[in-house]
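Peer 1:
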Amino acid sequence: MNSTQQTEALAKLRHLYKNMVNGGVSTAEQAKSAAEGLLAPAIAALEKQATEEKSNSQ
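Note that the UniProt record's numbering has the sequence shown beginning at 1, numbered continuously upward.
Dropping the structure here:
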């Protein structure tokens with residue numbers, strides 16, 4: 001993961017956090033949409049980075 005991808009993943013997490021704190025996610029359907037649209041890709045990107053770093057350190 002390069003720094004641009006990391007910045008993008010963090011931005012998605014910040015956006016989701018802001019929406020949740022400000023009441024933008026109030027129904028189960030909205031929560032699922034946010035999780036699938038923002039949270040899942042950010043988690044996948046960060047997990048990929050962690051896996052790559054682990055592989056490179058061995």
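Every residue, glycine too, gets a C-beta built ideally from N, C-alpha and C.
All values derive from a computational prediction rather than experimental measurement.
Whole angstroms is fine: what's the gap from Ala28's alpha carbon to Gln5's?
Peer 2: For Ala28 and Gln5, the distance between alpha carbons rounds to 28 angstroms.
Peer 1: Is Ala42 buried or exposed, if buried means 16 or more other CB atoms sit within 10 Å of its CB?
Peer 2: buried
Peer 1: Beta-carbon separation of Leu46 and Lys12 under 8 angstroms?
Peer 2: no
Peer 1: Over the uninterrupted alpha helix (DSSP H) stretch that includes Glu47, give me the two end residues.
Peer 2: 40-57
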